[in-house]
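Number of protein chains: 4
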Amino acid sequence: MSFNSFGQLFRFTTWGESHGPALGVVVDGCPPMLPISTEMIQRDLDRRKPGQSRFTTQRREADQVQILSGTFEDERDGVTKSTGTPISLMIENTDQRSKDYSEIKDKFRPGHADYTYQQKYGIRDYKGSGRASARETAARVAAGAIARQVLAGVTIRASLVQMGPHKIDYDNFDWDQVNENPFFCADPKAAQLWEGYLDGIRKDGNSVGAVIEVVAEGVPPGWGAPIYGKLSADLASAMMSINAVKAVEIGAGFEAASLTGTENADEMRAGNAGPYFTSNKAGGILGGISNGDPVVCRFAVKPTSSILSPRQSVTVDNHDTDVVTKGRHDPCVGIRAVPIGEAMMACVLADHYLRHRGQTGREGGVGF
Amino acid sequence: MSFNSFGQLFRFTTWGESHGPALGVVVDGCPPMLPISTEMIQRDLDRRKPGQSRFTTQRREADQVQILSGTFEDERDGVTKSTGTPISLMIENTDQRSKDYSEIKDKFRPGHADYTYQQKYGIRDYKGSGRASARETAARVAAGAIARQVLAGVTIRASLVQMGPHKIDYDNFDWDQVNENPFFCADPKAAQLWEGYLDGIRKDGNSVGAVIEVVAEGVPPGWGAPIYGKLSADLASAMMSINAVKAVEIGAGFEAASLTGTENADEMRAGNAGPYFTSNKAGGILGGISNGDPVVCRFAVKPTSSILSPRQSVTVDNHDTDVVTKGRHDPCVGIRAVPIGEAMMACVLADHYLRHRGQTGREGGVGF
Amino acid sequence: MSFNSFGQLFRFTTWGESHGPALGVVVDGCPPMLPISTEMIQRDLDRRKPGQSRFTTQRREADQVQILSGTFEDERDGVTKSTGTPISLMIENTDQRSKDYSEIKDKFRPGHADYTYQQKYGIRDYKGSGRASARETAARVAAGAIARQVLAGVTIRASLVQMGPHKIDYDNFDWDQVNENPFFCADPKAAQLWEGYLDGIRKDGNSVGAVIEVVAEGVPPGWGAPIYGKLSADLASAMMSINAVKAVEIGAGFEAASLTGTENADEMRAGNAGPYFTSNKAGGILGGISNGDPVVCRFAVKPTSSILSPRQSVTVDNHDTDVVTKGRHDPCVGIRAVPIGEAMMACVLADHYLRHRGQTGREGGVGF
Amino acid sequence: MSFNSFGQLFRFTTWGESHGPALGVVVDGCPPMLPISTEMIQRDLDRRKPGQSRFTTQRREADQVQILSGTFEDERDGVTKSTGTPISLMIENTDQRSKDYSEIKDKFRPGHADYTYQQKYGIRDYKGSGRASARETAARVAAGAIARQVLAGVTIRASLVQMGPHKIDYDNFDWDQVNENPFFCADPKAAQLWEGYLDGIRKDGNSVGAVIEVVAEGVPPGWGAPIYGKLSADLASAMMSINAVKAVEIGAGFEAASLTGTENADEMRAGNAGPYFTSNKAGGILGGISNGDPVVCRFAVKPTSSILSPRQSVTVDNHDTDVVTKGRHDPCVGIRAVPIGEAMMACVLADHYLRHRGQTGREGGVGF
């Protein structure tokens, strides 16, 4: 069952609330003998961490990861490696200011999961959104760091490609720029324009949505599975499971609806190393299976629901009220979704790699 | 594992190729005591069936379903009902013209899964695309008919809302129009315009993409689950698993990226029967859990890859070649995806209904 | 969810009742490129088939299997092979004599699942026990035949080792004898004695239990998984899922409870091809993982509950009554459980082989 | 996938090695609104804890459990309850004496999983058996304490019923005696005799096996599922997954093989509250589904493999050697398996309760 677990052979389970003592993830099914270190995981966590710029929440969380199980020092080379058993990772919550929750406690915040959790469970951890908090995504990013170790030869990168109505210009696209601006944006000119734009949004006490593009290069043909195990279906599920995500597309995505068959189908040519595609409208996936081209996935993040402008809502005993969400919030949560999207891509691919290897005994396609 | 199965408590497994003797589905976990009949399933199958108009493939398949197991006549009322055991449904393939496959056999058709199946498995059923054929969707539609029986009180309908670049006008939206035109389109004016447009495409030997909107009304609050079992994540996976689908969105979807927080979060008011939302940008899902509003999902179908215009490709032994796909194909496969989208919505909701009932003992939310 | 499915990577789903039109199985996750033929499957089915001797039910079922999907002729060698997609197998029910079910319909037969199915589902297919019929095991045997193809190099055999209170003498054990007597018994002397014994039981209108031993040779070290994926745990589940099975043991089994540590732990010695064990009390499994020795599993089958002697029972409206089960029944269902036990062993091993290969990239252990 | 997870709707995942910083369990799918406290979990953990008598290992572990997530104080009554989200429980390892592992490191201990872990993974945490340590069972016991909360009305108890060759006398059976002796034995006379017997074994540096019987009373008819989801199959898997377990039986178990049909099938009579069974050879399960009688399961634990007597083995580089396991070990690990068996019974029943409720909407059977 997938309530709080994701994946099949490479499978992780996350736990923890935003204002409890800690949160964490258990990664099960990881291949043995992979080098695993806190540094490696911390590197990815630090990219997701709040408080990195004035454009993300000023909540201060160290997000220090601890490895509690599943690794052992290989005496043959002194490197700490996965043992094939569950890797348990824990991140303690440190910034739990004592706070007056009376307002949140008795009201449903519009756009949040307050109302639906209350309805589903009849009880709700109203401190910092409980389990619905975006803090859960730290656990995914940690799992994603393990997944990257599984995926030798695969490079996974992501970029913000749209903030509010402002899209990047793909002519400026440069992966090297992603870490050079506070938006994880591969278009440096767009990033520059967005600074002013987002400052305005932030000062208005408002927020804005975004689109993230994740690209995996080096995926061999053959990963994925037919029908309900399609690589595209699992990517859609993975990205849609991220907080605030409302849309996912692969390759040309929604744009494909507007195209004709002659425009859309990627043509093939014979190359020295086998066939290749002359375009990548498919986003690297045909019939749910990777075709050797970069796997390209985009997803839309809605604007942060916690805003300073008062919004109409109801109390838990069904009276009209207004809600103003004070506190430390991201004017554009989409920014921090960039490393999260990378992590989910890594987890999906690691899982499909192992599933493909299990069924076929091969690492990728058969060649010709 | 989900290769050819979908769902958890309400779980179905499909099998069969387009040119084998039959295809089918096994539905496991269906609640007992639900009236089940071939007529009921056939009704849904007939909507998906090819050859209904000049705008769908002229392949002639009766798509007659047989119930092989899982039902029994209840003597107390003479009604044949589910017994709680696996319901096996089979549809024989009848229109398997003997045909020359030599062309398809030795070439990879662009936009199809020929190349990726060959790479993954080292062997490929090239007759009618084998397992990658859209004929598999008949099995889903049959499963969806069972799922609808599970969902008393829920109404699931879908409409084509975009064909190629042409979108419907939501001001004309009328569910009663959906079955009055060959496009399952709720906007009769758009449907009229599309006739000429698609005739042109068809005569050109070309094809075109589409967008389908699926709406479920009557879903109580509380269905769905946190994190990786989100209703939205499972819908995304469900729709993306349909042949040729490249994008999925919930509620405002990609549009949400362009909105500000004040525009996007649906406000709430106290009603006599409990709180209600004044808008439905969320598409009926908050934090992965249904909020009582209609569940709204859209997905994009790429243009049919089988077209009469020659396309560049390679042979299985990696030589350049051209491919012209003759034969009987849909100029817009999106049309027949309408009942398929409904079926997948039904299956996702039936599964989440049972999962919610299992965990909480309730049919929906707790009220106040 | 495992209601009617078994396995993870190599996963099969069975369907069908004893008196419906057919029963069958869908095998998902099978590796591609394995030779698959009806003859191969039929060979195993014929061993389970009723009516083979006077010691099994005289019900006449041809048990002819049809392959409906998942195979394709490889033109490189003309051999029909698995394609990696679901293999659907169907067996039509042919011996459904029209019969008076009024007695069974209104009474719960002791030892049968009549009462529990009625309680669980509120409706019950009382014709030939419906889904609880041992006819379901034909579907497993068919799946097992596919699993054997996955397991090149592994030999799986089983023998009846106890009938009623009469155990075999392991000194007489000879695998070549198994198909030389009507009991699938490796001890020819025991088999001879059992003939008279079982004739007596049969003529009394009584029945008797049995113990079956299944042995898999050629399993490399390394298959299985820690904790809840133990090879032993999956074997226990597999055998206990067979109709009428009430006990399962691995290696020394219950006998191990009576032993001391010095007697029980298999000692090791250095061999030319690596370490070997000087005994096999462990039944080839240590810590849930295969150790390279034969995997040895035994299970107990209770006596057939359908007997001619009247037994006390109740009617469906809770009145005292007596039940006499007429009809064609096995005096010792344990006999036909022999090929079923082999099939389940094959399915468990095939699944663990693929899972091990998925996680580690190896076919077995690492060597030294 | 079930590597380190167990259950479907009520699903738990354990992690941690014996000599790492901690071990733990994540319980997913727990119903909301159940009272959960550390005291409640600690009570069960303390029964499993080592060092309780001279008959269990003198390793000193406090086994203090911490609840890290998934509970919240209900302000309506001040009780801390499950929220329906993952309950993460952690137990820190405190007794990790610095120790010389050089002997264990280079040798495979007979009867242990050293050899098979090394073969499977190519790397092995040799400190305290790593993941194969029985310390993992603390995590199960913690999960079982949660499961008991799910099972209002069900009483689960266990007793040692055999130590080495010495069986209890069921005429002396008294559940109230179980906690009055160091063996969790319901027969006080047997317990008295076992003291001397086990002292002898212990002083010899030897060990001995045992049989545990677990009984669940108050299970309504209707839990369990057909075929591969049988209650008996899941119990078999659950018990066989416990360290050192080599056999499992339900009700009459292996004894059923020796019985005739007239002896074995439990007869039924009409009672005021519906039908009842006049005996319980079935162990409360018919066709995999509970029949309302006590669910009775027995399992055999092999003797502790760690003994003081030298045993023949091999080194990791395949040379003959002897192994003497020094250190703190249980002369009869079966004793501490008693609370573990109870925990696994609770987890299986909780899972099937929720699965049954999900599929049927009922808590148990339909009545008449």
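Residue numbers (our numbering), protein chains in the order written: chain A, 317 to 684; chain L, 317 to 684; chain R, 317 to 684; chain P, 317 to 684. For every residue, glycine included, the Cβ atom is placed at its ideal position computed from N, Cα and C.
Option in the options with minimal Cα separation from residue i
| i | options | result |
| --- | --- | --- |
| A532/R | Q478/R, G600/R, A572/R, N497/R | G600/R |
| S334/P | M356/A, G438/A, I543/A, F388/A | F388/A |
| S449/L | K505/L, R363/L, I558/L | I558/L |
| S629/P | R614/R, T578/R, V649/R | T578/R |
| G340/A | R364/A, A455/A, T372/A, L361/A | A455/A |
| A507/A | Y442/A, K483/A, E377/A | K483/A |
| A502/A | E511/A, W491/A, W510/A | W491/A |
| N409/R | Q382/R, A468/R, I517/R | Q382/R |
| I403/L | G540/L, G681/L, A459/L, A338/L | A459/L |
| N488/A | D390/A, P504/A, H428/A, E496/A | P504/A |
| G469/R | A666/R, V682/R, R671/R, Q675/R | A666/R |
| F322/R | C663/R, Q675/R, T676/R | C663/R |
| R327/A | Q324/P, F319/P, L325/P, F326/P | F319/P |
| F371/L | I543/L, D430/L, K519/L | K519/L |
Contacts that residue i makes with chain L (C-beta to C-beta distance below 7 Å)
| i | result |
| --- | --- |
| I439/R | P348, M349, F388, D390, K397, T399 |
| L405/P | Within chain L, no residue comes near L405/P; the closest Cβ sits about 19 Å away, beyond 7 Å. |
Proximal residues of chain P, C-beta to C-beta of residue i below 7 Å
| i | result |
| --- | --- |
| G345/L | Q675 |
Whole-Å CB distance - residue i paired with residue j, under 8 Å assumed
| i | j | result |
| --- | --- | --- |
| E679/L | P536/L | 7 Å |
| V466/P | Y669/P | 7 Å |
| G534/A | T471/A | 6 Å |
| A653/P | V564/R | Not confirmed; about 17 Å, so no contact. |
Distance cut-off 7 Å: residue i Cβ against heavy atoms of the ligand MG
| i | result |
| --- | --- |
| A458/L | Absent from the structure shown: the ligand MG. Ligands present: none. |
Contact set between residue i and chain A, taken where Cβ atoms lie within less than 9 Å
| i | result |
| --- | --- |
| P619/P | Residues of chain A passing the Cβ test: none, with the nearest at roughly 25 Å. |
| K436/P | P348, G400 |
Contacts of residue i in chain P (Cβ-Cβ under 9 Å)
| i | result |
| --- | --- |
| S449/A | None at all; the shortest Cβ gap to chain P is about 11 Å. |
Cross-chain neighbours of residue i in chain R, by beta carbon under 8 Å
| i | result |
| --- | --- |
| K546/P | M556, S557 |
| G680/L | What G680/L touches in chain R: nothing, since even the nearest Cβ is about 22 Å away. |
| S369/P | Those within 8 Å of S369/P in chain R number zero; the least Cβ separation is about 19 Å. |
Within chain R, partners of residue i - CB distance below 7 Å
| i | result |
| --- | --- |
| V342/L | T329, W331, V342 |
Contact with chain C by residue i, beta-carbon distance below 8 Å
| i | result |
| --- | --- |
| G587/A | Protein chains in the displayed structure are A, L, R and P, and chain C is not among them. |
Neighbouring residues, chain L, relative to residue i (Cβ below 9 Å)
| i | result |
| --- | --- |
| I623/A | T576, G577, T578, A581 |
Per-residue contacts from residue i into chain A (C-beta, under 8 Å)
| i | result |
| --- | --- |
| I651/L | Ordered by position in chain A, no residue passes the 8 Å Cβ test against I651/L, which lies about 12 Å from the chain. |
Interface positions of the region 659-676 of chain A facing chain R (Cβ-Cβ less than 7 Å), listed along the chain: L670, R671, R673, G674, Q675, T676
Under 9 Å (Cβ pairs) to chain A, residues found in the region 520-544 of chain R: A541, P542, I543
The region 564-572 of chain A / the region 617-634 of chain A touching (three or more Cβ pairs under 8 Å): no
contact_flag[the region 343-352 of chain P, the region 436-443 of chain A] where n(CB pairs < 8 Å) is 3 or more: yes
The region 523-531 of chain A contacting the region 474-491 of chain A, beta-carbon criterion three pairs below 8 Å: yes
Residues within the region 458-474 of chain R neighbouring chain A, beta-carbon criterion of under 9 Å: none
Contact residues within the region 320-337 of chain A, judged by C-beta distance below 7 Å to chain R: L325
Contact list for the region 564-582 of chain L against chain A, Cβ threshold 9 Å: V564, E565, I566, G567, A568, G569, F570, E571, A572, A573, S574, L575, T576, G577, T578, E579, N580, A581, D582
Members of the region 591-609 of chain P that neighbour chain R once the beta carbon cut-off is set at 9 Å: P591, Y592, F593, T594, K597, A598, G599, I601, L602, G603, G604, I605, S606, N607, G608
Contacting positions in the region 476-498 of chain R - beta carbon closer than 7 Å to chain P: Q478, G480, P481
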